[in-house]
Amino acid sequence: MTAQKAIPGSAAPASGGRVGAGARSHASARVHKDAARQREIFEARRDELLAAHPSKYIAVCAGDAFAAPSVMGAVHMAARAHPGRAVFLYSQGHEKGQPTEEEAARLEERGIYAWRTPASPTPAEVARIKRRSAEEAGGRRETARQREIFEARRDELLAAHPGRHIAVCAGEVFVADTAAEMDQMVMRAHPGRPSFQYSPGCACVSVF
Numbered sequence: 042m043t044a045q046k047a048i049p050g051s052a053a054p055a056s057g058g059r060v061g062a063g064a065r066s067h068a069s070a071r072v073h074k075d076a077a078r079q080r081e082i083f084e085a086r087r088d089e090l091l092a093a094h095p096s097k098y099i100a101v102c103a104g105d106a107f108a109a110p111s112v113m114g115a116v117h118m119a120a121r122a123h124p125g126r127a128v129f130l131y132s133q134g135h136e137k138g139q140p141t142e143e144e145a146a147r148l149e150e151r152g153i154y155a156w157r158t159p160a161s162p163t164p165a166e167v168a169r170i171k172r173r174s175a176e177e178a179g180g181r182r183e184t185a186r187q188r189e190i191f192e193a194r195r196d197e198l199l200a201a202h203p204g205r206h207i208a209v210c211a212g213e214v215f216v217a218d219t220a221a222e223m224d225q226m227v228m229r230a231h232p233g234r235p236s237f238q239y240s241p242g243c244a245c246v247s248v249f
């Protein structure tokens, strides 16, 4: 029997819980948005994942990817690692392995949400995913630059503003008494720009 395995980088498994019908109804929009994001993560790594796991079922949940020889194996691995989170499933053409509507309903009662994917995304979907991936990569690069600016002046800034919140955005330094005030200052000065933020007593936070 082929062992199920989590792709490196996945979280440790955790125990799941039951989600009632009322809670599922209220969480529907959030869950579908989460599932759409997991699909984008899969599409961004599609070639890598399919090459590494030919003929396997692949599930993506909370940004982690899981591969198994059966559809339910992949779904359950993802659900154990991230109970209650949406699971995006790629079947690699295994039509018989897809959950039926009844199976999907039973999974949903346990907080497991599985979506199917066609064999290939549409050209419009590919273009949108590539645009988003490029934007996120640009945001990470910009945030890294702002962090470099902060680190180069760390001692100076912390000495001048002890116990205060500090942000760097577009090369400009902002200081405030609270994180909320700092966020407002940055957004007013540079709306939509990535920033690097430091809060006293906390790890530094990259925002993009």
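Per the working numbering, residue 42 is the first one in the sequence shown, and the count goes up by one each step.
All residues carry an ideal CB built from backbone N, CA and C; glycine is no exception.
Extent of the continuous beta strand (DSSP E) to which residue 196 belongs
Looking at the DSSP string, residue 196 is not in any beta strand (DSSP E); the run it does join, the alpha helix (DSSP H), is 195-201.
Could you give the uninterrupted runs of the alpha helix (DSSP H) lying entirely in the region 205-239, keeping only those of 4 residues or more?
220-230
Scan the region 107-131 and note each continuous alpha helix (DSSP H) run of 4 residues or more that stays entirely inside, going in chain order.
112-122
When 79, 164, 219 and 177 are compared against residue 204, the one with the closest alpha-carbon:
219
Should the region 112-128 be called in touch with the region 79-99, which here means at least 3 C-beta pairs below 8 angstroms?
yes
Relative to the alpha-carbon of residue 240, which residue among 111, 228, 209 and 88 has its alpha-carbon at the smallest distance?
209
Answer yes or no: do residue 211 and residue 234 have a C-beta to C-beta separation smaller than 8 angstroms?
yes
Can you tell which of 119, 175, 95 and 237 has its C-alpha closest to the C-alpha of residue 193?
237
Determine the burial state of residue 200: buried for a count of at least 16 other Cβ atoms within 10 Å of its Cβ, exposed for fewer.
exposed
What does DSSP give as the partner residue(s) for residue 105 in the beta ladder?
102
Alpha carbon to alpha carbon, what distance is there between residue 226 and residue 180?
19 angstroms
Taking the CB atoms as reference points, tell me whether residue 118 and residue 100 lie closer together than 8 angstroms.
yes
Here's the rule I'm using: 16 or more other beta-carbon atoms within 10 Å means buried, otherwise exposed. How should residue 197 be labelled?
exposed
In three-state DSSP terms, what is residue 74?
helix
Classify residue 96 as helix, strand or coil using the three-state DSSP reduction.
coil
Out of 184, 98 and 104, state which residue places its alpha-carbon closest to the alpha-carbon of residue 115.
98
Any idea if residue 105 is buried or exposed, counting beta-carbon neighbours within 10 angstroms, 16 or more meaning buried?
buried
Rounding to the nearest angstrom, what Cα-Cα distance links residue 103 and residue 222 in this structure?
30 angstroms
Taking its Cβ as the centre, do 16 or more other Cβ atoms sit within 10 Å of residue 232, making it buried, or is it exposed?
exposed
C-alpha distance - residue 176 paired with residue 169, whole-angstrom precision
11 angstroms
Spatial distance of residue 207 from residue 189 (CA atoms):
14 angstroms
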